[in-house]
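First up is the structure itself, then whatever we jot down about it.
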Ligand code: G3H
Ligand code: 13P
Ligand code: ZN
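Residue numbers (the numbering used here): 76 to 405.
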C-alpha cells in the first residue's frame with residue numbers, strides 16, 4: 076500500500092467517530108516505535124515532520140524512512156504530513172518529496188511567530204490549497220493562535236478560534252482539515268492546573284462544517300510518570316499539566332479527528348535513555364539505548380491509539396492513491 080492521502084484517514088475517522096494521533100518524527104526509532112504500535116493494535120497512522128525535522132534529517136531521510144514504514148507494513152494506511160508549513164515554498168518542497176498531506180500554518184507569518192490577519196491567512200492558505208490539490212495532497216489550515224513558544228512555533232499570544240470565522244475560512248480556502256485554537260499550547264509547559272479547554276468552539280465549528288475534520292495541536296498529556304522517570308535519572312523538569320486523555324476523548328466526541336503529539340514522545344525517549352545509562356553505565360552500543368527509546372515510543376503511542384479510538388480501524392477501507400484523491404477536488 077503506498078502512502079495514503081491524510082484526507083482519507085480523517086474522513087474515515089469522521090465516519091467511525093474516532094480520533095487519529097499525528098505523531099512527530101525525526102528519526103528511525105520514532106517511526107519504528109509508532110509502526111510497531113500501529114501494527115499491534117491495527118491503527119491507521121499519521122506520521123508528521125516539522126520543518127525542524129526536515130532540516131535535521133536533510134529531508135530525504137524522512138521520505139525514505141516513511142517508504143520503509145510502508146514497505147514493512149503494507150496492510151496499514153499511513154499518511155506522511157508536513158507539520159506547521161510556513162510558506163508555499165515549504166509545502167511545495169514537501170509535496171515534491173512525496174508527502175501526502177501538508178499543513179500551511181497561515182495563522183502566523185513566515186517567521187512562525189507574528190500573527191497574521193484573517194485576510195492574510197486566507198490568501199496564503201488558498202494558494203497552498205490550489206497547488207496541493209492538483210497533486211491530490213491534503214491540506215490542513217489553522218485559524219486562531221496557540222500559546223507556548225518554547226519549541227519555536229507560536230506567537231505566545233493565545234487567540235481562540237472564532238467559529239463564525241472558521242466557517243468562512245473553510246469556505247474561502249477549500250482546506251481539508253482545520254486546526255483550532257481551543258486553549259492548548261505546544262511543549263512540556265502547558266498548564267499549571269487542570270486545564271479547561273474550549274469544547275464549545277469545537278462543537279460550534281463542527282455544527283457549521285460537519286464534513287471538515289478538526290485538528291487539535293498541543294495535545295501531549297505530559298504524563299507525571301514520564302517526568303518522574305526523567306527526574307529520577309538526573310533530569311530537571313518541572314511538574315506541570317498537559318492535556319488529560321479524558322479531555323482529548325471529550326474533544327473527539329465534539330468533532331476533533333486529528334490529535335497532534337510530539338512532546339510526549341520526546342519525554343518518553345529522554346526518560347528511557349537517561350534510565351538506560353544510569354543502569355548501564357558501561358554500555359556504548361547505540362542499539363541498546365536507541366532500542367530502549369524505541370520501546371518507550373511504542374508504549375506511549377500504543378496507549379494513545381487505543382485511547383483515541385483509532386485502534387482496530389486500519390482495515391476498514393481500501394486505501395486511495397494520490398492520483399485517486401485528485402477526484403476529491405474536481
Ligand atoms: O508544533 C511543533 C512540533 O512540536 C515540532 O517541533 O519544530 O521542534 O520539530 P519542532
Ligand atoms: P505537543 O507539544 O503538545 O506534543 O504538540 C505537538 C504539536 O502540536 C505538533 O504540531
Ligand atoms: Zn502544532
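Ideal Cβ positions, reconstructed from N, Cα and C, are used throughout, including at glycine.
Less than 8 Å between the CB of residue 99 and some heavy atom of the ligand 13P, yes or no? yes
So, is residue 72 buried or exposed, given that buried needs 16 or more other C-beta atoms within 10 angstroms? As displayed, the chain neither begins before 76 nor continues past 405, which places residue 72 out of reach and without an answer.
So the alpha helix (DSSP H) residue 130 belongs to, where does it begin and stop? 126–131
What residue ranges within the stretch 154–228 form continuous beta strand (DSSP E) runs of no fewer than 3 residues, ordered along the chain? 176–179, 213–218
Around the Cβ of residue 357, are there at least 16 other Cβ atoms within 10 angstroms (buried) or fewer (exposed)? exposed
Output the distance between the C-alpha atoms of residue 188 and residue 366, rounded to the nearest integer angstrom. 36 Å
So residue 331 and residue 291 are in contact, right, with Cβ under 8 Å, and what is the actual spacing, rounded? 5 Å
Between residue 293 and the ligand 13P, is there a pair consisting of the residue's CB and a ligand heavy atom that are separated by less than 8 Å? yes
Enclosing alpha helix (DSSP H) for residue 349 [first to last residue]: 338–354
In this structure, does DSSP put residue 387 in helix, strand or coil? coil
For residue 244, the nearest candidate out of 201, 272, 209 (CA to CA): 201
In the stretch 296–328, which residue ranges form an unbroken alpha helix (DSSP H) of at least 4 residues, counting only runs that do not cross its ends? 299–307
Buried or exposed: which applies to residue 90, given that a residue is buried once 16 or more other Cβ atoms fall within 10 Å of its Cβ? exposed
Relative to the C-alpha of residue 310, which candidate in 344, 335, 162 has its C-alpha closest? 344
Rounding to the nearest angstrom, what Cα-Cα distance links residue 222 and residue 173 in this structure? 31 Å
Tell me, please, whether the stretch 126–133 touches the stretch 376–395 by the rule of three or more beta-carbon pairs shorter than 8 Å. no
May I ask you to check if the CB of residue 262 is nearer than 8 Å to at least one heavy atom of the ligand G3H? yes
Answer yes or no: do residue 81 and residue 194 have a C-beta to C-beta separation smaller than 9 Å? no
Might you give, ordered along the chain, the residues of its own chain that have their beta carbon closer than 7 Å to the beta carbon of residue 350, omitting 5 neighbours on each side? 304, 308
At what residues does the beta strand (DSSP E) containing residue 108 begin and finish? Counting along the chain, residue 108 falls outside any beta strand (DSSP E), though it belongs to the alpha helix (DSSP H) covering 103–116.
Relative to the C-alpha of residue 163, which candidate in 203, 112, 241, 251 has its C-alpha closest? 203
Going straight from the alpha carbon of residue 179 to that of residue 185, what length do you get? 10 Å
State yes or no: is the C-beta of residue 339 nearer than 8 Å to some heavy atom of the ligand 13P? yes
Can you list, in chain order, the residues of its chain with a C-beta nearer than 6 Å to that of residue 400? Leave out the 5 residues immediately preceding and following it. 80, 211
Spatial neighbours of residue 377 within its chain, please: CB distance less than 7 Å, with the 5 preceding and 5 following residues excluded, ordered by chain position. 112, 115, 116
Does DSSP classify residue 278 as helix, strand or coil? helix
Could you compute how far the alpha carbon of residue 182 sits from the alpha carbon of residue 246? 16 Å
Which value, in whole angstroms, describes the spacing of the CA atoms of residue 153 and residue 196? 28 Å
Which residues in the same chain as residue 342 place their Cβ atom closer than 6 Å to its Cβ, once the five residues preceding and following it in sequence are excluded? 301
Roughly how many angstroms lie between the CA atoms of residue 119 and residue 352, to the nearest whole one? 34 Å
Compare the C-beta of residue 393 with all C-beta atoms of chain C and state if any pair is closer than 9 Å. Chain labels in this structure do not include chain C; a single protein chain is all it has.
Could you check whether residue 213 and residue 78 sit closer than 9 Å to each other, using their CB atoms as the reference points? no
Rounded to whole angstroms, what's the CA-CA distance from residue 156 to residue 125? Just pull it up for me. 9 Å
Cutting at 7 Å between CB atoms, please list the residues of its own chain near residue 92, excluding the five before and the five after it. none
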